[in-house]
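Worksheet: one structure, shown below.
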Amino acid sequence: MKFENKIAVAWLFLGLCVLGAVAMPAARPARLVVDNRTGQTIELYVWRYSGGAWNWTYITTLKANYYTSVHNVKNGQRYRAYLVKSRASRFHTVRLVYNKKYQGKQDVWRVK
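Okay, structure coming up:
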């Protein structure tokens, strides 16, 4: 095989590698879907280590009968739903499983 042919084959191989990388779908970030079925507004918190101490870190407020997604969650993370009206709390530990429809790992928490 001539040197020029080897260069052409190398460029072809490199081009196919680049095309393959571009065509591959990116992995979707793991998520927690929080579905508020409590009948009242909740505040959502995550248990995080920040600045030398563990604290409940506020994420969002969620009205009754609404849902939201929290992305980049990890297995074992703890979440807290604080029910504003009744001043009660509900807790959840993330357990990620692959979801075909979402094409990534997720957990669903129906807060009741």
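Counting in the working numbering, the sequence shown runs from 28 upward without gaps. Quick reminder that beta carbons are idealized off the backbone N, C-alpha and C, glycines included. Computed from a predicted model, the values in this text were never measured in an experiment.
Worksheet entry | Residue from Asn92, Arg122, Trp83 and Lys90 with nearest C-alpha to alanine 57 | Against the sequence shown, residue 57 aligns to sequence position 30. Closest option to alanine 57, Cα to Cα, is Arg122.
Discussion item. I need the DSSP call for leucine 39, collapsed to helix, strand or coil.
Written reply: If you number the sequence shown from 1, residue 39 lands on position 12. DSSP places leucine 39 within a helical segment (H, G or I) once states are collapsed to three.
Discussion item. Please report the straight-line C-alpha distance between valine 124 and valine 135, rounded to a whole angstrom.
Written reply: Residue 124 sits at position 97 when you count from the first residue of the sequence shown. Residue 135 sits at position 108 when you count from the first residue of the sequence shown. Going from the Cα of valine 124 to the Cα of valine 135 covers about 10 Å.
Discussion item. Under DSSP, the beta strand (DSSP E) around valine 111 begins and ends at which residues?
Written reply: The residue labelled residue 111 in the question sits at position 84 within the sequence shown. From DSSP, valine 111 is part of no beta strand (DSSP E); its letter is neither H nor E.
Fill in: Other residues of its chain near arginine 137: CB distance less than 8 Å, five sequence neighbours each side excluded
Along the sequence shown, one-based indexing puts residue 137 at 110. For arginine 137, where only same-chain residues beyond five positions count, the Cβ hits under 8 Å are Asp62 and Arg64.
Fill in: Beta-ladder partner(s) of leucine 59, from DSSP
Indexing the sequence shown from 1 puts residue 59 at position 32. Beta-bridge annotation (DSSP): leucine 59 is paired with Val97 and Asp134.
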